[in-house]
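Colleague:
Protein chains: 2
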Amino acid sequence: MSFADTFKALSDSARREILQLLKDGKMSAGEIGSHFDMTGATISYHLKILKNADLVWETKVKNYVYYELNTSVVEEILLWLTELTGEKK
Amino acid sequence: MSFADTFKALSDSARREILQLLKDGKMSAGEIGSHFDMTGATISYHLKILKNADLVWETKVKNYVYYELNTSVVEEILLWLTELTGEKK
DNA sequence: CATCTATTTAGACTTTTTTCTAAATAGATG
DNA sequence: CATCTATTTAGAAAAAAGTCTAAATAGATG
Chain A
1 MSFADTFKAL SDSARREILQ LLKDGKMSAG EIGSHFDMTG ATISYHLKIL
51 KNADLVWETK VKNYVYYELN TSVVEEILLW LTELTGEKK
Chain B
1 MSFADTFKAL SDSARREILQ LLKDGKMSAG EIGSHFDMTG ATISYHLKIL
51 KNADLVWETK VKNYVYYELN TSVVEEILLW LTELTGEKK
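Protein chains in written order, with the working numbering: chain A, 1 to 89; chain B, 1 to 89.
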């Protein structure tokens, strides 16, 4: 959604770890959860935040929900940060 | 300080705006505050968070405290995000 | 179709974050 | 040196975020 949502989503370490996991490709919610010491409900909560921030896609196959990294929003943040770094008056 | 602190610091819109202001160069705490509808105490709180995240430097001159952007930490985040984008297996 | 499996939703609880007012500090200046 | 100006600190209050358990949903399968 908004720029603020994206940064907010990135501010939590569990969510950043999830994104790192997804670097290697699609993963189901359960598979993601197995990497953390948290309930499925909590993982679901984090996935929803990542999804609302457009940082991940989801695709449903059978009774699994697969999550995948969406790099296009990451690119936008990269741009913001790059502009912060460069162009000093 | 830590990577998490940096992302946390960036997750607040007021703090991101402060960083944008500092793109144009050093600015005193009061000057920064004048751009926001917040008390000086609240601005001071945000500046402390940015400082703890090493996103800004401070220098004291007379009874003013000047803040300045520290881009080196931004570079580290840029790297993290770039690695997230590239290197897909 | 009864039920098993994967995931999400609802609601409660705790912790963290953001903000304020009031007081404290620290340097500058009449 | 009394006090004014700039900023920070302390403490309180409110809002937001993260987590859990229990229940709901939704598809798969015997």
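Quick reminder that beta carbons are idealized off the backbone N, C-alpha and C, glycines included.
A quick note: this is a predicted structure, and the numbers were derived from the prediction, not measured.
Using a Cβ-Cβ cut-off of 8 Å, state whether B/K51 counts as contacting chain A.
Modeller: no
Colleague: On the criterion of 16 or more Cβ atoms from any shown chain inside 10 Å, does B/V56 qualify as buried, or is it exposed?
Modeller: buried
Colleague: The region 60-74 of chain A: which residues have C-beta closer than 8 Å to a C-beta of chain B, in chain order?
Modeller: If the cut-off is 8 Å between Cβ atoms, the region 60-74 of chain A has L69, T71, V74 near chain B.
Colleague: In terms of residue numbering, what span does the alpha helix (DSSP H) encompassing B/K8 cover?
Modeller: 3-10
Colleague: How should A/T6 be labelled, buried or exposed, when 16 other C-beta atoms within 10 angstroms of its C-beta is the threshold for buried?
Modeller: buried
Colleague: Output yes if chain B places a C-beta closer than 8 Å to the C-beta of A/S13; else output no.
Modeller: yes
Colleague: Is the number of C-beta pairs between the region 70-87 of chain B and the region 28-47 of chain B that are closer than 8 Å three or more?
Modeller: no
Colleague: State the Cα-Cα distance for the pair B/E31 and B/I49, rounded to the nearest angstrom.
Modeller: 18 Å
Colleague: State yes or no: is the beta carbon of A/K89 nearer than 8 Å to at least one beta carbon in chain B?
Modeller: Note that A/K89 scores 44 on pLDDT, short of 50, meaning its location in the model is unreliable; the coordinates nonetheless yield the value given after this. Judged by the 8 Å Cβ criterion, A/K89 is in contact with chain B.
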